[in-house]
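Right, one structure below, let's go through it.
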Amino acid sequence: MFFYSVFKTLVGKTVVVELKNDLAIQGTLVSVDQYLNIKLDHVSAVDPARYPHVATLKNSFIRGSVVRYVHLPASAIDTALLQDATRNEPGNR
Amino acid sequence: MAESSVARPFDLIKLNLDEMVQVKLRGNRELVGKLHAYDQHMNMVLGNVTESVTVIDVDLLNHQATGANVVKRNIEMLFVRGDGVILVSPCAHPHDG
Numbered sequence: 000m001f002f003y004s005v006f007k008t009l010v011g012k013t014v015v016v017e018l019k020n021d022l023a024i025q026g027t028l029v030s031v032d033q034y035l036n037i038k039l040d041h042v043s044a045v046d047p048a049r050y051p052h053v054a055t056l057k058n059s060f061i062r063g064s065v066v067r068y069v070h071l072p073a074s075a076i077d078t079a080l081l082q083d084a085t086r087n088e089p090g091n092r
Numbered sequence: 000m001a002e003s004s005v006a007r008p009f010d011l012i013k014l015n016l017d018e019m020v021q022v023k024l025r026g027n028r029e030l031v032g033k034l035h036a037y038d039q040h041m042n043m044v045l046g047n048v049t050e051s052v053t054v055i056d057v058d059l060l061n062h063q064a065t066g067a068n069v070v071k072r073n074i075e076m077l078f079v080r081g082d083g084v085i086l087v088s089p090c091a092h093p094h095d096g
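Right under this line is the structure:
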């Protein structure tokens, strides 16, 4: 639930979601849920030449389990806050 | 055991918060970066990350590996999904990648 809260603070920001099949999709984060499923708007492939079919999409719902990485906007992340929250996370104690 | 600060496995990771760590992932991937956050699934947020992907070249005729290439890239802030994580370790030489 901890990263669910983190992603909720990033709604409206532009992120790159990199999937386990190497497809990387850039888009505006619309919403996220407890499974870290992700909805993106204004999507585009980071490598459109390799994944031309992504150009046909305007928005997308990505199942959380197929995500490998999410590239976050560093300016929107308070690292000190994240570290404190991690230390105080009940599941980590 | 009670006086140890590392009583459970995750305590070891907790000691590495705000430190450089090396994360081994599925698919011949390795990350080196500063650990900012994690949870019980080993989902993580790393900063100033160097990702190294080892690509094995295979001779398709003889089914033999002919060499390995390491492809590196840098990412400023990265969320890593925990299901791909194999191991997390303190990084002794952060800049050797």
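Sequence order for the protein chains is G and U.
Heads up, the final residue of the first sequence is numbered 92 in numbering that gives the first Met the number 0, and it's a clean run with no missing numbers.
Heads up, the final residue of the second sequence is numbered 96 in numbering that gives the first Met the number 0, and it's a clean run with no missing numbers.
The beta-carbon is built from N, C-alpha and C at its ideal position, and this holds for glycine as well.
For U:G26, DSSP assigns no beta-bridge partner whatsoever.
Here the segment 14-22 of chain U makes no contact with the segment 40-48 of chain G; the two share fewer than three CB pairs at distances below 8 Å. In the three-state scheme derived from DSSP, where H, G and I count as helix and E and B as strand, G:H52 is classed as helix. Taking the C-beta atoms as reference points, U:H35 is found nearer than 8 Å to U:V44. For the 8 Å CB-CB criterion, G:N36 and G:G63 form a contact.
Residues of chain G whose Cβ lies closer than 8 Å to the Cβ of U:L77 are, in chain order, Y68, V69, H70, L71. Around the CB of G:K7, fewer than 16 other CB atoms lie within 10 Å, so the residue is classed as exposed. The C-beta separation of U:A64 from U:V57 comes to about 6 Å, placing the pair in contact by the 8 Å criterion. Chain U has a Cβ within less than 8 Å of the Cβ of G:T85.
C-alpha of U:R28 to C-alpha of U:V52: approximately 5 Å in a straight line. It is roughly 21 Å from the alpha-carbon of U:V69 to the alpha-carbon of G:H70.
Neighbourhood of U:Q39 in chain G, by CB distance below 9 Å: F1, E88, G90, N91, in chain order. Cβ atoms of U:T49 and U:G32 come within 8 Å of each other, at about 7 Å.
Short of 7 Å from the beta carbon of U:D10, and not among the five residues preceding or following it, lie these beta carbons of its own chain, in chain order: S4. C-alpha of G:G90 to C-alpha of G:L9: approximately 23 Å in a straight line. The continuous alpha helix (DSSP H) containing U:P8 extends over residues 8-13.
Using a CB distance cut-off of 8 Å, U:D56 does not count as an interface residue toward chain G.
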